[in-house]
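Right, one structure below, let's go through it.
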Amino acid sequence: MEDTQPKPATPEPILVPSPAPSPAPSPGTSPLLDVTTLPAANNVEHLNVNQIQVVVRRCSSPNVTEETTYFIPRNPLVDAGTNTDPPVVCCPLLRRFCPCPPRGLLASFITKLFLAAVLYGVVWSITEKDGLPGGNLFGITILFICALIGGKVVSLIRLPKLPPFPPLLGMLLMGFMLRNIPVISDSVENINLKWSASLRNIALAVILARAGLGLDPTALRKLKSVCVRVASGPCIIETCTTALISHFLLGLPWEWGFILGFVLGAVSPAVVVPSMLLLQKDGYGVEQGIPTLLMAAGSFDDVLAITGFTTCLGMAFATGSTWFNLLRGVLEVAGGTVVGILLGFLIQYFPSVDQKHLVMKRSFLVLGLSVFAVFGSNVARFPGSGGLCTLVMSFLAGLGWGSEKDVVGWAWDVFQPLLFGLIGAEIRVAELDGLTVGLGIATLLIALLVRILFTFVCVLCAGFNMREKVFIALAWMPKATVQAAIGSTALDMARVKGDKELEKYGMIVLTVAVLAILLTAPVGALIIGLAGPHLLQKPKNSLSLPSSPF
């Protein structure tokens, strides 16, 4: 084999520089000729210093004929001109962790920092003084950014074989710290109470819409007595227990005691669902249908608690006789249900499925009508009907939309940090009464104990063994999302009314709700993660389909 000059197609010969000749291996023994895609012989104008021109004179292979020209790439690690070693990379460790341009975690951090700067720049350019330190929007922006950071930090805390901690804990703690640390508290001191209440009500509307859309009609049709008992029994018993204890320990009127009871009676899907999904992934309790039972019953438990809360709230702020207030509560429930049914059927068909930007239009209608129902019911002096209207409307809309119901997830990503950050910022340590906090914790613990015991009773005849009954009772106690959403609603309404005594009751409800989140959310996640592998059974045949006792 030898180097030759290729024959150009033009009449006049064109000289193409070629590298120094080098011996080429036999075609039969060289794997390079078999695996390398090479240019044709007539493309000699593309020859460069990184290619070797080889002409094969004779070969036994039928695919290679006489005077077939190949251009074989040189080794890229060797300089074609000087045949020297490749250049040495300076500081490989630095280049690995700090690449240019940045990638990975560093790029994500820079991007989020840039987004935060742009957000603040937009707020400042529009509001001017209100966006400067000490202004209302400046405080809201700082609170939002810090809540995001707190949620991210908490979500990064991972323990082996345990579910992750819910980010809402970091958001809540960050709002609490911003309010109570002396130097930092100046940044959120001037947040307008009306702005804070409005943002929390918008977050409540988003939660109600998600709860309605999250109800599974298939599971609803298949529910039997065990799921109905788990969804309703513990919530009602805890509500009545809380109302009774708070009336005598905290001095709350009966209607306010039931308001606090329904606030504490709801279980948190934000804690239960991720923990149960992790156990379900490993096969724990799948054959018995325990993850399905708890995740399905959680949504109905929340709907019951929110409905009872809005009804009691309307009665607590109503004026007149007791019978009139009871009748008013019934009218609020009936009115919210009827309006929700009408709006739900309306947005089932409008927009129609053949329209463009369907998800965007549905998102706007669901969120807009939910916010309108929550705020409009307060304007109409029927505060208990707005939440129920939103639940019914979103549930009926989800029935018509089928599986494409995740249209408000992006809104929750925005309002979740605002909700938990603002809830945490409402708690002022200097204004808390130590006796009230102690009695509130006692009320919470007694109600939790009664709830756990009654949950155990509810699953006695459900076909579970003793260990599974204990696990269901322990897993049915975490509280977070609903408590943050409705815990401050009564306080906001009391501030609007200007009644100092009602404001005191509202602050007690909010304080106990925050204590419930701080005590039960992390403990509940740990209990589910630690007790699940020890109390639940793995399927005997991992390939078999999971069954359900209901």
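Read left to right, the sequence shown gives residues 1 to 550 (the UniProt record's numbering). Ideal Cβ placement from N, Cα and C applies to all residues, glycine included. Quick caveat, the model's predicted, so the values are computed rather than measured.
Using a threshold of 8 Å, state whether the C-beta atoms of residue i and residue j are closer than that.
i	j	result
ASN180	ASN136	no
ILE202	PHE415	yes
SER394	GLY121	no
VAL188	ALA485	no
ILE508	LEU293	no
PHE300	ALA231	yes
ILE423	VAL514	yes
GLY400	GLN348	yes
GLY344	VAL392	yes
ALA525	SER275	yes
ALA266	THR390	no
THR337	LEU388	yes
LEU535	VAL470	yes
LEU250	THR481	no
PRO164	ARG158	yes
THR455	PRO160	no
PRO351	LEU342	no
VAL437	THR511	yes
GLY487	LEU162	no
ILE140	TRP195	yes
Could you pull out every residue in the same chain whose Cβ sits closer than 8 Å to the Cβ of residue i, ignoring the five residues on either side in sequence?
i	result
LEU313	ILE259, PRO383, GLY384, THR489, ALA490 and MET493
LEU326	MET315
THR241	GLY261, ILE446, ALA447, VAL450 and ARG451
ILE184	MET177 and LEU178
PRO102	ILE110
PHE464	GLN288, ILE290, ILE472 and PRO549
LEU132	TRP124 and PHE138
GLY440	LEU250, ILE508, THR511, VAL512 and LEU515
LEU367	ALA205, VAL206, ALA209, VAL408 and ALA411
GLY506	SER488, ALA490, LEU491, ASP492, MET493, ALA494 and ARG495
Near residue i, what residues of its chain come up, given a Cβ to Cβ distance below 6 Å and the 5 sequence neighbours on each side ignored?
i	result
GLY386	ALA373, VAL374 and SER377
GLY532	LEU279 and TYR284
ALA516	LEU264, LEU444, LYS479 and GLN483
GLU332	GLY314, PHE382, GLY384 and SER385
THR127	LEU137
LEU215	SER299 and PHE395
GLY134	ASN190
ALA197	ASP492
Let's test the definition: count the other Cβ atoms within 10 Å of the Cβ of residue i and tell me whether it reaches 16, buried, or not, exposed.
i	result
ILE110	exposed
MET174	buried
LEU435	exposed
LYS538	exposed
THR319	exposed
PRO182	exposed
GLU255	buried
MET466	exposed
TRP323	exposed
SER125	exposed
ARG428	exposed
LEU502	buried
ASP282	exposed
residue 579	Any question about residue 579 goes unanswered here, given that the chain covers just 1 to 550.
VAL379	exposed
GLY104	exposed
ALA297	buried
GLY340	buried
GLY421	buried
Counting only beta-carbon atoms, is residue i nearer than 8 Å to chain C?
i	result
ALA270	Chain labels in this structure do not include chain C; a single protein chain is all it has.
Within its chain, find whatever has a CB closer than 7 Å to the CB of residue i; leave out the 5 residues flanking it on each side and keep chain order.
i	result
GLY150	GLY170, MET171, LEU173 and MET174
PRO417	PHE144, ALA147, LEU148, GLY151 and MET171
LEU474	ILE452, ILE527 and ALA531
ARG210	VAL408 and TRP412
Is there at least one non-hydrogen atom of the ligand MN closer than 7 Å to the beta-carbon of residue i?
i	result
CYS458	In the structure on display, the ligand MN does not appear, and there are no ligands present to speak of.
Inset, instruction - Take every Cβ of the segment 244 to 263, pair it with every Cβ of the segment 271 to 289, and state whether three or more of those distances are shorter than 8 Å. - result: no
Three or more C-beta pairs under 8 Å: does that hold for the segment 362 to 370 against the segment 295 to 312? no
Checklist entry - Going along the chain, which unbroken runs of the beta strand (DSSP E) with 3 or more residues stay wholly within the segment 321 to 351? => result none
* Asked: Unbroken alpha helix (DSSP H) runs of length 4 or more, entirely within the segment 387 to 439: which are they?
  -> 409 to 425
Exercise. Which ranges would you report for the beta strand (DSSP E) in the segment 111 to 185 if only whole runs of at least 3 residues count?
Worked result: none
Would you be able to state if there are at least three C-beta pairs under 8 Å between the segment 517 to 527 and the segment 265 to 278? yes
So within the segment 212 to 265, which uninterrupted alpha helix (DSSP H) runs reach at least 4 residues, ignoring any that extend past its ends?
217 to 222, 225 to 249 and 254 to 265
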